[in-house]
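*Asks:* Okay, handing you the structure first.
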Amino acid sequence: MIDYFEIILGIIHHINYDQIYEMKINDKLYNEAKTWSNLLNYLITMRQESFVSDIRISTNITAKFIASKRSGLSNPDIQ
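With the sequence shown counted from 1, adding 27 to any position gets you our numbering.
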């Protein structure tokens with residue numbers, strides 16, 4: 028669930044799912060994300076943990092999965 032923050036911000040700002048990636052400090056949505064500083068710090072900390080990074084699916088792949096689910100595909104196969 029730690030990869031949905033950027034996706035939610037992307038949906039709010041009408042960003043195409045193909046253009047949603049893990050947020051970096053110089054991204055345009057980063058300043059808005061700082062509004063939720065505790066959440067942002069948690070996400071950054073968790074994403075750096077090896078036990079999380081070993082099993083984590085990238086934000087971009089998660090965004091594509093959500094896009095296919097929202098378009099009505101019942102069992103999307105994202106590579």
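Glycine included, C-beta positions come from ideal geometry on N, C-alpha and C.
Taking all protein chains shown into account, decide if E33 is buried (16 or more other Cβ within 10 angstroms of its Cβ) or exposed.
*Replies:* The residue is buried, with at least 16 neighbouring Cβ atoms inside 10 Å.
*Asks:* Is W63 near the ligand GTP - that is, is its Cβ less than 8 Å away from at least one heavy atom of it?
*Replies:* Annotation note on the ligand GTP: not contained in the displayed structure, which lists no ligands.
*Asks:* Do three or more CB pairs link the segment 43-59 to the segment 86-103 at distances below 8 Å?
*Replies:* Yes, the segment 43-59 touches the segment 86-103.
*Asks:* How many Å lie between S98 and T72 at the Cα?
*Replies:* Their Cα atoms are separated by approximately 32 Å.
*Asks:* How long is the line joining the alpha carbons of Y57 and I42, rounded to whole angstroms?
*Replies:* Cα to Cα, the separation comes out at about 14 Å.
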